[in-house]
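Residue numbers (the working numbering), protein chains in the order written: chain G, 1 to 346; chain F, 347 to 515.
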């Protein structure tokens, strides 16, 4: 046996090839999503600018198109300030936890048929697990900064994320019951078979709960109490500057994109188009699946901005009351309702 | 390959568990525990128990540990961090722990692989663990499952009663 055979036993070539393919997929997904994060900030400022009868960013490049790149360069070269009495280790790793949790969730999202980094059976649960991990970044950054504002932001966020995670998990149970699977690709395929084409119609209650919980889960307005500017300056990341602040910012936008992908895959039919629409407009079947998926994600993200520009921030007790007294009972009722109908149909 | 991963997870679980008790800072203890839970989830994954692995992270890391963090932060243990020795009588605890270890090592010999029941590895792989677990839990073990949920309900009601009492006084 030569050294070569010892190092690369038969069959190892396939494993290497698989690993290389997975690595390429990961690089493509992260690259594309990071680009989307940069331009989601531009999109947000433009959309909100228009809604408030302003122009939004206009200075850098034509129509301000290079603004995100300028912002990125600015953040990159800014001085990195760490509070003297901060817990250094935890202060360093907190933004990394946030970003890592957000990026890991991308692994199980089916962007179009067959393109998913890790096609696992418990995809939905994996996303819920990662989003609960993401809250650690927020809580720990709040604690490690050794600042009152950051600490209050972190505490608020921990309570908020725990409360809304329950509602979000329960709202997705209806989808799991209808599809009979927790694999996101299987859910999309089951939706394509379903007469209505999208689960948002039979699961309208679940969809409502999911959308509200998703906004709270990503700490976006009108549920952005952890970073409420008017009372907490910026909340949990008030002590962060430069690149570390950018990591939190990126994690928030990736979280938003993931919620968009989840809404698209679980409720809006993923990369498929409902059959009855194809029957009326048959030429639509030549549009590739990724275009449908991305359009649905963009719509959800636009919806986020729309709500941010429309609604004022809730009070903290109102936020808790909505989560526990409205969303969770609604989601439970939805599960019961779905179960009864499923038994009756079968 | 499997042995390598098991060895890695086992060593990491042991190391993190030791760090949980060794850390002076309670928040660092919780963080080590978080790392440990992830490695336990890794062991579950190696046993084809992907549902358990995901629930392990959602329930323990996502809910219970966050509550730990919450409580520790509210307690504000900055002074306790400088106490030389947190508990007295550690020799008694150490001898008890060593005795337990000896018993466990002696008991290791009695472990043996018995033939599989209805749910062999192949069957679980085919039906997926989530389905297999659901089927067993809601048919064969329905009564214990319901009893467990009742116990949890009692705990919830107890917590609400205690909280309400404080509000009144």
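Don't be surprised by glycine CBs; every beta carbon is placed ideally from N, CA and C.
For the pair of segments examined, the region 275-293 of chain G was found not to touch the region 172-183 of chain G: the number of CB pairs separated by less than 8 Å stays below three. Boundaries of the alpha helix (DSSP H) harbouring residue 20 (chain G): 12-51, taken from the DSSP string. Under the Cβ criterion of 8 Å, residue 407 (chain F) is counted among the residues facing chain G. Note: residue 112 (chain G) is bridge-paired with G:115 in the DSSP secondary-structure output. Apart from the 5 residues on each side of it in sequence, residue 386 (chain F) sits with its Cβ closer than 7 Å to the Cβ of 359 and 402 in its chain, given in chain order. The contact set of residue 488 (chain F) on chain G, defined by CB atoms closer than 9 Å, is empty, because the minimum CB distance reaches about 16 Å. The DSSP-derived three-state label of residue 481 (chain F) is helix. The region 198-281 of chain G contains no complete beta strand (DSSP E) run of 3 or more residues.
Contact between the region 262-269 of chain G and the region 295-314 of chain G is present, with at least three C-beta pairs closer than 8 Å. Within 8 Å of the CB of residue 125 (chain G), the CB atoms of chain F belong to 397, 400, 401 and 404, in sequence order along the chain. Separation of residue 147 (chain G) and residue 157 (chain G) (C-alpha to C-alpha, rounded to the nearest whole angstrom) is 15 Å. From the beta-carbon of residue 158 (chain G), the residues of chain F found nearer than 9 Å are 412, 413, 415, 416 and 419. When the five nearest sequence neighbours on each side are left out, the beta carbons in the same chain lying within less than 8 Å of the beta carbon of residue 384 (chain F) are those of 403 and 407, in order along the chain.
DSSP, read as helix, strand or coil, puts residue 339 (chain G) in helix.
Among the CB atoms of chain G, none fall inside 8 Å of the CB of residue 429 (chain F). In the three-state DSSP reduction, residue 59 (chain G) falls in the coil class, being neither helix nor strand. Contact check for residue 243 (chain G) against residue 75 (chain G) passes: the beta carbons are separated by less than 8 Å. For residue 476 (chain F), the closest Cβ of chain G is nearer than 8 Å.
Contact annotation, residue 216 (chain G) with residue 259 (chain G): C-beta distance approximately 10 Å; criterion of less than 8 Å not satisfied. Within the region 167-199 of chain G, the residues whose Cβ lies closer than 8 Å to some Cβ of chain F are 169 and 182, listed in chain order. At least 8 Å separates the CB of residue 113 (chain G) from every CB of chain F.
In terms of Cβ geometry, residue 190 (chain G) and residue 200 (chain G) do not form a close pair [threshold 8 Å]. Residue contact check for residue 104 (chain G) against chain F: no CB pair falls below 8 Å.
Looking only at F:499, F:389, F:419 and F:438, the smallest Cα-Cα distance to residue 348 (chain F) is reached by F:389.
In summary, no residue of the region 25-54 of chain G has a CB separated from any CB of chain F by less than 9 Å.
In the assembly as shown, residue 490 (chain F) is an exposed residue. Its beta-carbon has fewer than 16 other beta-carbons within 10 Å.
In the DSSP assignment, residue 101 (chain G) falls within the unbroken alpha helix (DSSP H) covering 88-105.
Just measuring C-alpha positions, the residue of G:66, G:164, G:241 and G:103 sitting nearest residue 223 (chain G) is G:164.
Within the region 359-388 of chain F, those residues whose Cβ lies closer than 8 Å to any Cβ of chain G are, in chain order, 371, 373, 374, 377 and 380. Burial of residue 141 (chain G) is indicated by the presence of at least 16 other C-beta atoms within 10 angstroms of its C-beta. Chain-ordered, the chain F residues with CB closer than 7 Å to the CB of residue 121 (chain G) read 396, 474 and 476. Going by DSSP, residue 369 (chain F) is part of no alpha helix (DSSP H) at all; its letter is neither H nor E. Residue 328 (chain G) places its beta carbon 8 Å or farther from that of residue 192 (chain G). Cα atoms of residue 90 (chain G) and residue 98 (chain G): separation of roughly 12 Å, rounded to the nearest angstrom. Residue 22 (chain G) has a beta carbon lying at 8 Å or more from every beta carbon in chain F.
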